[in-house]
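Colleague: Numbering (my numbering), first residue to last: 673 to 967.
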Ligand SMILES: [Zn+2]
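Okay, structure coming up:
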C-alpha cells in the first residue's frame with residue numbers, strides 16, 4: 673500500500689486524474705443509469721478510463737464509486753450491492769494503476785441532509801463505513817471524500833473512513849463564488865471553515881474539486897493557504913464553467929488553457945493537481961508536462 677503523504681515527500685508535486693462522470697457519459701452511460709453498476713456490466717470501459725489517465729502520466733487515479741453510497745444506490749434499487757460495486761471499482765483502478773501509482777477511493781455526498789433531520793448520523797455513518805471498507809478491500813491506497821458542501825456530512829464520512837480502514841483520507845469541498853465575491857459551498861461553508869473542521873475530523877489532505885474553472889480554483893487555494901500553510905492541498909478543477917449549447921453541456925477550458933496555469937496553481941499552494949468535470953487525458957498530460965517544465 674502506498675501513502676500519499678510519503679509520495680508527496682518524495683516527489684513534491686503529484687498529478688491526479690481528470691473527469692470520470694462526463695467520460696462515462698461519452699462512452700455511452702445513459703441519463704438515469706447507475707454509473708457504479710458499470711463496474712460490473714461495463715468493466716472494460718471503466719478500466720479504459722482509469723488506464724487512459726495512467727497513460728497520460730497521472731501519479732494518482734480515482735475510482736468509479738462517487739455515487740456508491742447505499743443512499744445513492746437506493747435510487748436504482750442497488751443499495752444491497754454497495755460493497756460489491758465499490759470493491760469492483762477499486763479493483764479496476766488498482767489493476768490500471770499497478771503497484772507504483774496511487775489509487776484514491778472516491779466517496780461523494782449522499783444527497784441527504786443531516787441538518788434537515790432526513791437521516792440519522794448512525795445510518796449515514798454506517799453507509800460511509802460500508803463503502804470505505806469495500807474500497808479498501810478492492811485495493812485503494814487512500815479514501816477521497818469529494819464534492820462536499822456540508823461540514824457535518826463531510827466530517828462523519830472522514831471519521832467513518834478513518835475508523836473503519838485506518839487509511840489516509842483526502843477531503844475536498846466544492847465552492848461557488850457568491851455575488852459579493854466570496855467563496856462558499858451550497859451550504860454556506862467558507863474555505864477557512866472547511867479547513868478547520870475536516871482537519872479535526874482526521875483528513876490528512878484537504879482541498880477543492882469541481883467548481884467553475886482553473887482561475888477560481890487558484891483563488892480558493894490561496895484562501896486555504898491564508899489559514900493553513902502546511903496541510904497538503906489537492907485540487908480537481910472543472911474545465912471551466914459548463915455551458916449548455918445545442919442540447920449538450922460544453923466545458924470551455926482546453927488542455928492548453930488549463931496547463932498554462934498549472935505553475936500559478938502550484939505557486940499558490942496546491943500540491944496535487946488534477947481535473948474534474950470536462951477534463952480529459954489530454955488535460956492531464958498537459959499538467960504533467962507543465963510540472964516537468966517547472967521542476
Ligand atoms: Zn466536477
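C-beta atoms are modelled at their ideal positions from N, C-alpha and C, and glycine is treated no differently.
With the cut-off set at 8 Å, would you say residue 844 and residue 820 are in Cβ contact?
Modeller: Numbered from its first residue, the chain shown carries residue 844 at position 172. Numbered from its first residue, the chain shown carries residue 820 at position 148. Cβ distance < 8 Å, so residue 844 and residue 820 count as in contact.
Colleague: Mind the definition here: the segment 897-916 touches the segment 929-949 only if three or more C-beta pairs lie below 8 Å; say whether that holds.
Modeller: Yes, they touch.
Colleague: Measure the Cβ-Cβ separation of residue 728 and residue 917 and say whether it is below 8 Å.
Modeller: Residue numbering aside, residue 728 sits at position 56 when the chain shown is read from its first letter. Residue numbering aside, residue 917 sits at position 245 when the chain shown is read from its first letter. No, the pair does not count as a contact, with Cβ atoms beyond the cut-off.
Colleague: Do residue 923 and residue 911 come within 8 Å of each other at the CB atom, strictly closer than that value?
Modeller: As a working note, residue 911 is residue 239 in the chain shown. As a working note, residue 923 is residue 251 in the chain shown. It is a contact, given that the beta carbons lie within the stated cut-off.
Colleague: Which class does residue 845 belong to by DSSP, given the choice of helix, strand or coil?
Modeller: Position 173 of the chain shown, counting from 1, holds the residue named residue 845. In this structure, residue 845 counts as strand in the three-state DSSP scheme.
Colleague: How many angstroms separate the CA atom of residue 909 from the CA atom of residue 937?
Modeller: Position 237 of the chain shown, counted from the first residue, corresponds to residue 909. Position 265 of the chain shown, counted from the first residue, corresponds to residue 937. If you take the alpha carbons of residue 909 and residue 937, they lie about 11 Å apart.
Colleague: Could you say if the segment 709-716 and the segment 679-686 meet the contact criterion of at least three C-beta pairs nearer than 8 Å?
Modeller: No, the segment 709-716 is not in contact with the segment 679-686.
Colleague: On the criterion of 16 or more Cβ atoms from any shown chain inside 10 Å, does residue 803 qualify as buried, or is it exposed?
Modeller: Here residue 803 refers to the residue found at position 131 of the chain shown. The residue in question, residue 803, is buried, as its Cβ has 16 or more Cβ neighbours within 10 Å.
Colleague: Is it right to say residue 787 is buried, meaning 16 or more other beta carbons lie within 10 angstroms of its own, or is it exposed?
Modeller: For the purposes of this step, residue 787 is taken as the residue at position 115 of the chain shown. Residue 787 should be labelled exposed.
Colleague: Ordered along the chain, which non-local residues of its own chain (more than five positions away) have a Cβ less than 8 Å from that of residue 719?
Modeller: Numbered from 1 along the chain shown, position 47 holds the residue referred to as residue 719. Taken in chain order, the residues that qualify are 764, 767 and 768.
Colleague: Taking CB distances under 8 Å as the criterion, tell me whether residue 684 reaches chain B.
Modeller: Protein chain content of the structure displayed is limited to a single chain, and chain B is not contained in it.
Colleague: Write down the C-beta distance between residue 806 and residue 754 rounded to the nearest angstrom, noting that I regard them as a contact closer than 8 Å.
Modeller: If you number the chain shown from 1, residue 806 lands on position 134. If you number the chain shown from 1, residue 754 lands on position 82. Contact holds; Cβ gap of about 7 Å.
Colleague: Does DSSP classify residue 818 as helix, strand or coil?
Modeller: Here the question's residue 818 lines up with position 146 in the chain shown. Residue state, collapsed to three classes: strand.
Colleague: Over what stretch of residues does the alpha helix (DSSP H) that includes residue 909 continue unbroken?
Modeller: Within the chain shown, the letter at position 237 stands for residue 909. That residue, residue 909, is in no alpha helix (DSSP H); its beta strand (DSSP E) goes 905-909.
Colleague: Please say whether residue 775 and residue 733 have beta carbons closer to each other than 8 Å?
Modeller: Position 61 of the chain shown holds residue 733. Position 103 of the chain shown holds residue 775. Their beta carbons are under 8 Å apart, which means residue 733 touches residue 775 by this criterion.
Colleague: Let's see if you can read the secondary structure: which residues bound the beta strand (DSSP E) around residue 776?
Modeller: Translated into positions along the chain shown, residue 776 becomes position 104. 774-779 is the extent of the beta strand (DSSP E) around residue 776.
Colleague: Starting from residue 880 and walking both ways along the beta strand (DSSP E), at which residues does that stretch end?
Modeller: If you number the chain shown from 1, residue 880 lands on position 208. Where residue 880 is concerned, the enclosing beta strand (DSSP E) stretches over 877-882.
Colleague: Please return the same chain residues whose Cβ sits closer than 8 Å to the Cβ of residue 878, not counting the five positions on each side in sequence.
Modeller: Walking along the chain shown from the start, residue 878 turns up at place 206. Counting only Cβ-Cβ distances below 8 Å, and skipping sequence neighbours, we find 842, 843, 844, 866, 867, 870, 871, 896, 900, 903, 904, 905 and 906.
Colleague: Report, in whole angstroms, the separation of the C-beta atoms of residue 743 and residue 750, which I expect to be a contact under 8 Å.
Modeller: Against the chain shown, residue 743 aligns to sequence position 71. Against the chain shown, residue 750 aligns to sequence position 78. Their Cβ separation, rounded to whole angstroms, is 11 Å, which puts residue 743 and residue 750 out of contact at 8 Å.
Colleague: Suppose the cutoff is 6 Å on Cβ atoms and the five residues either side in sequence are ignored; what does the same chain contact list for residue 699 look like?
Modeller: Mapped onto the chain shown, residue 699 falls at position 27. Closer than 6 Å at the Cβ level, and outside the excluded window around residue 699, lie 717.
Colleague: Out of 875, 892 and 770, which one is the CA nearest neighbour of residue 862?
Modeller: For the purposes of this step, residue 862 is identified with residue 190 of the chain shown, where counting begins at 1. Checking every option, the nearest Cα to that of residue 862 belongs to 892.
Colleague: Would the C-beta of residue 682 count as close to ligand 1, meaning under 7 Å from any of its heavy atoms?
Modeller: Residue mapping note: residue 682 aligns to position 10 of the chain shown, counting from 1. Every heavy atom of ligand 1 is 7 Å or more from the Cβ of residue 682, so no.
Colleague: Name the DSSP bridge partner or partners of residue 945?
Modeller: Translated into the one-based positions of the chain shown, residue 945 becomes position 273. DSSP, once it has assigned bridges, lists 687 and 907 as partnering residue 945.
Colleague: Assuming residue 1041 contacts residue 885 (C-beta within less than 8 Å), just tell me the rounded distance between them.
Modeller: In this structure the chain extends from 673 to 967, so residue 1041 is not present and cannot be described.
Colleague: State yes or no: is the C-beta of residue 816 nearer than 7 Å to some heavy atom of ligand 1?
Modeller: Walking along the chain shown from the start, residue 816 turns up at place 144. It does not: the Cβ of residue 816 is nowhere closer than 7 Å to a heavy atom of ligand 1.
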